[in-house]
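The next block holds one structure in the form of structure tokens; read it before the comments.
Numbering (our numbering), first residue to last: 129 to 191.
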């Protein structure tokens, strides 16, 4: 029974490690996506400000 218990615990530890790795990968992917989305939004707002000659984001500047 001891060997079976050790094997089961090792399996659970490996499973938790994979879950953690996957979670870290998912968090990293979300961070990359968020950064890209923010960059796109900022450039879109700047372009709209230039097009309409208005300060849309409240930073006191156009473009």
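Every residue gets a Cβ at the ideal spot worked out from N, C-alpha and C, and that includes glycine.
Short Cβ contact (9 Å threshold) for residue i with residue j
i, j, result
"residue 184", "residue 176", "yes"
"residue 178", "residue 190", "yes"
Between the CA atoms of residue j and residue i - distance to the nearest angstrom
i, j, result
"residue 174", "residue 155", "29 Å"
"residue 132", "residue 171", "59 Å"
"residue 144", "residue 180", "53 Å"
"residue 158", "residue 146", "18 Å"
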